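**Student:** Below is the structure I would like to discuss, written out as structure tokens.
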Amino acid sequence: MPQDEPAAALDRISRSIRSRSDPAAVARLVRELLPGLSPAEAARLDVAGRRTWAVAPVPAAPAGAGRRLAVAGALFGTVGEAAAAGGPEQLARAVRLGGREIGGRAGAADFRDGRLNREARAAAGLGDLSKRQYNKRFRLLQRLEAKQQVLELAERERRAAALAETGLLSLLDAARPTEDLATACLIAFRAAGRHSREETAGRLSRLAGSQVAGLLLARLAASPGTDWWALAHVHPVREVVSRLTEHQRGLLAGRWSAALGGTAALLERAYGRCSIEPTAMFARPGDDADAWNRAAKAWNAARAQYLEVLEALGAQEVLGRVCPGQVAWLDVIEPTSWREWAGGRRLREIEVWAGLPLPWRVLAGAEDCPAELVERVCRRHGVDPVRTGWTTGRARWAAPAGPLTAAFVDGVAEADPVLARVLRARA
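Dropping the structure here:
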């Protein structure tokens, strides 16, 4: 089959990322699009293209507010273009413009206390609007604002899940993450591997995937046009990040830290909606345990990748100064039997989580949590901090640790000023 033109090939491989293709489909596409393959490389791609992977489904998105926005467009003359189904931005604009028409504002008080009385409506130029029509518009804006908050939360949870699954892929251009075809092929294959459920793939499938990633990385190492910076967002192994400048290395670490901050904000929100006792992680009536457990799952998975990235960068000194801990999930079980049920390693790790500062306070610079503190708490409770991932990711992939250079910290500051201030203050 003739090779596609470079631009068309880039578009095809980029579409495979957006459509969450499985690794076998991406391997077949790479086999078709990538020029100059050796017989051995083609054979490896053919083998991977015949394997089976199960791709995790995309989480269902919440329903939009199309009907209510259409009603807002009919009731408020200034809403106009915002009266089309869309995301939180359209809702925020509709609330802002509609609120101006009835003399209100976003975040107004409840229905009883936030409305204007007759005199205030007259002073605001709403004397021709009946009380019934005014109340109708006020209620609609309240519902739109509530829906906006639901959609904003859903988007934040989506970003947290994406970070845990595919790293910083979402920071790349979705239409075309890179202009280099070979780099795009490896980005697509690594993204597909992360979308798939590794536990459902057989040993031979995982081996085939590892071989494809290796051969593509070897081709990139020999190519002068490789986009190492884009690749580091999805495949931040030592062989990749060692090609970055010191500023880029710091920027990558800062982007990871800033992205973790978004997940930590979800944890903080869920923490406020639960009556959590850190040493007894069971849900009580009224707790939003699902929100906490979703955020905890995303946090722990993304945090593990963050530690691996820092080790690949040789920037273990960052963890020496700022090492937020893992979090425990909430179980729905009777308090009287909880400790007997938890037991063993799980209970010991819960004690470690309870003995450390809350992650969102650590990332905000409000409390200190260096790796030395994590190690000390782990040992106190009989937990190996390395084997259980409290202070390390995958040590065998780590680069030799080195001091943090000024260029590295400047790169961190570009993405995460809070972390940069902590690093500079504790230098």
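For the sequence shown, the numbering used here assigns the number 5 to the initial residue and increments by one for each residue that follows. For glycine and all other residues, C-beta sits at the position ideal for the given N, C-alpha and C. Just so it is clear, the structure is predicted and the values come from calculations on it, not from any experiment.
What ranges does the alpha helix (DSSP H) occupy inside the segment 108-178, keeping only unbroken runs of at least 4 residues that lie completely in it?
**Tutor:** Fully enclosed alpha helix (DSSP H) runs of 4 or longer: 115-118, 122-127, 135-170.
**Student:** Ignore the nearest five residues each way along the sequence and tell me which others in residue 260's own chain have a CB closer than 6 Å to its CB.
**Tutor:** Only 310, 313 meet the Cβ criterion.
**Student:** With a 10 Å radius around its C-beta and 16 neighbouring C-beta atoms as the bar for buried, classify residue 320 as buried or exposed.
**Tutor:** Buried, by the Cβ-count rule.
**Student:** As a quick exercise: from 237, 283, 102, 280, pick the residue whose alpha carbon is nearest that of residue 263.
**Tutor:** Per the Cα distances, 237.
**Student:** In chain order, which continuous runs of the alpha helix (DSSP H) of length 4 or greater are located wholly inside the segment 220-288?
**Tutor:** Correct list: 232-236, 242-245, 250-276.
**Student:** In chain order, what residues of the same chain have a beta carbon less than 7 Å from the beta carbon of residue 381, not counting five sequence neighbours either side?
**Tutor:** The answer, listed in chain order, is 356, 359, 360.
**Student:** Can you check whether the CB of residue 271 is closer than 8 Å to the CB of residue 363?
**Tutor:** Taking 8 Å as the Cβ cut-off, residue 363 and residue 271 qualify as a contacting pair.
**Student:** Name the two residues that bound the continuous alpha helix (DSSP H) containing residue 410.
**Tutor:** Where residue 410 is concerned, the enclosing alpha helix (DSSP H) stretches over 410-419.
**Student:** Ordered along the chain, which non-local residues of its own chain (more than five positions away) have a Cβ less than 6 Å from that of residue 207?
**Tutor:** Answer for residue 207: no residue qualifies.
**Student:** Any idea if residue 228 is buried or exposed, counting beta-carbon neighbours within 10 angstroms, 16 or more meaning buried?
**Tutor:** When all chains shown are included, residue 228 counts as exposed.
**Student:** Could you compute how far the alpha carbon of residue 322 sits from the alpha carbon of residue 406?
**Tutor:** Using only the alpha carbons, I get a separation of about 10 Å.
**Student:** To the nearest angstrom, how far is the alpha carbon of residue 427 from that of residue 267?
**Tutor:** Their backbone Cα atoms lie some 21 Å apart in a straight line.
**Student:** Take residue 414 and list the residues in its own chain whose beta-carbon comes closer than 7 Å to its own, dropping the five residues that flank it on each side.
**Tutor:** So the list reads 251, 254, once near-sequence residues are dropped.
**Student:** If you measure between the beta carbons of residue 106 and residue 147, is that distance less than 8 Å?
**Tutor:** Cβ distance not < 8 Å, so residue 106 and residue 147 don't count as in contact.
**Student:** Assuming residue 240 contacts residue 165 (C-beta within less than 8 Å), just tell me the rounded distance between them.
**Tutor:** About 19 Å separates the two Cβ atoms, so there is no contact after all.
**Student:** Please list, in chain order, all residues of the same chain as residue 283 whose beta carbon is under 8 Å from its beta carbon, the five residues on each side excluded.
**Tutor:** Cβ neighbours of residue 283 beyond the five flanking positions: 354, 355, 358.
**Student:** Short of 7 Å in beta carbon distance, which residues of its chain neighbour residue 288, apart from the five on each side in sequence? Order them along the chain.
**Tutor:** Correct list, in chain order: 279.
**Student:** Note down the Cα distance separating residue 44 from residue 177, rounded to an integer number of angstroms.
**Tutor:** The alpha-carbon atoms of residue 44 and residue 177 are separated by roughly 32 Å.
**Student:** To the nearest angstrom, how far is the alpha carbon of residue 408 from that of residue 222?
**Tutor:** So the two alpha carbons sit approximately 29 Å from each other.
**Student:** CA-CA distance, residue 393 and residue 16?
**Tutor:** Approximately 38 Å, taken between the alpha carbons.
**Student:** For residue 81, count the other beta carbons within 10 Å of its own beta carbon; 16 or more makes it buried, fewer makes it exposed. Which is it?
**Tutor:** So residue 81 counts as exposed.
**Student:** Put residue 6 into one of helix, strand or coil per three-state DSSP.
**Tutor:** Any reading at residue 6 needs caution, since the residue's pLDDT is 46, under 50, leaving its predicted position unreliable; the model's value is listed next. Looking at residue 6 - three-state DSSP - the assignment turns out to be coil, as it is neither helix nor strand.
**Student:** Thinking just about the alpha-carbon of each residue, which of 75, 66, 383, 181 is nearest to the one in residue 162?
**Tutor:** Nearest option by C-alpha distance: 66.
**Student:** For residue 152 and residue 64, what's the separation of their Cα atoms in angstroms?
**Tutor:** Distance between the alpha carbons of residue 152 and residue 64 is about 17 Å.
**Student:** I'd like the ranges of any beta strand (DSSP E) spanning at least 3 consecutive residues and lying wholly in the segment 350-403.
**Tutor:** List check, beta strand (DSSP E) in window: nothing returned.
**Student:** Could you please give the first and the last residue of the uninterrupted alpha helix (DSSP H) stretch that includes residue 303?
**Tutor:** Looking at the DSSP string, the run of the alpha helix (DSSP H) that includes residue 303 is 293-317.
**Student:** Under the rule that 16 or more other beta-carbon atoms within 10 Å means buried, what is residue 137, buried or exposed?
**Tutor:** Per the 10 Å Cβ criterion, exposed.
**Student:** Between the C-alpha atoms of residue 111 and residue 149, what's the straight-line distance to the nearest angstrom?
**Tutor:** With a pLDDT of 49 at residue 111, under the threshold of 50, the modelled position of this residue cannot be trusted; read the value that follows with caution. Looking at the two C-alpha atoms, the distance is approximately 8 Å.
**Student:** Roughly how many angstroms lie between the CA atoms of residue 351 and residue 216, to the nearest whole one?
**Tutor:** Cα-Cα distance, rounded: 40 Å.
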